[in-house]
Amino acid sequence: MTIDLNKVIGKNLNALRKERGLSQSQLADKIDISTEFISRVERGASAPSLKSLKKIADALEVKMGVFFDDPEDMDSWNIEIEALVILMKRGDKSI
């Protein structure tokens with residue numbers, strides 16, 4: 004199973020924003036980006052840059068890593084991470 008990281012980030016952003024009682028517009032205003040961009044990220048249609056993700060994390064008072072958690076697919080996620088670690092240890096240049 005392939006993980007759509009944009010969708011995972013978007014789902015987590017949407018949940019965190021709502022937990023804090025913020026509209027997309029309010030969050031966008033806090034970090035000086037467009038509401039449309041927040042909407043695209045939440046839908047998984049766009050991926051934020053690391054700089055934008057850091058701004059969002061700071062505004063929501065969370066660590067950036069929470070955006071990458073996919074509780075619905077943690078087994079698959081862990082398997083992929085383990086595979087990457089093995090390849091890195093082998094010095095595989097194809098990754």
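Note that the working numbering numbers the sequence shown so that position 9 is 12, with each residue one more than the last. Glycine residues also receive a C-beta, built at the ideal position from the N, C-alpha and C atoms. Fair warning: this is a prediction, and the values are worked out from it, not measured in the lab.
Terminal residues of the continuous alpha helix (DSSP H) containing Lys66? Lys66 -> no alpha helix (DSSP H), and no H or E assigned at all.
Tell me, to the nearest whole angstrom, how far the beta carbon of Arg20 is from that of Leu30; I am working on the premise that it is less than 8 Å. Rounded, the Cβ-Cβ distance is 5 Å, consistent with contact.
Determine the closest residue to Lys103 out of Ser28, Ile36 and Asp72, with distance taken between C-alpha atoms. Since the first residue shown for the chain is 4 and the last is 98, residue 103 is missing from the structure and cannot be characterised.
Which whole-angstrom value describes the C-beta separation of Lys92 and Ala62, a residue pair presumed to lie in contact below a C-beta threshold of 8 Å? In fact, because the Cβ distance is near 37 Å, the residues do not count as touching under 8 Å.
Quick check on DSSP: helix, strand or coil for Arg23? Of the three classes helix, strand and coil, the one that applies to Arg23 here is coil, per DSSP.
Just tell me which of Lys54, Asn17 and Lys57 has its CA closest to the CA of Thr38. Out of Lys54, Asn17 and Lys57, Asn17 has the C-alpha closest to the C-alpha of Thr38.
Is the CB-CB distance between Ser52 and Phe40 below 8 Å? Their beta carbons are not under 8 Å apart, which means Ser52 does not touch Phe40 by this criterion.
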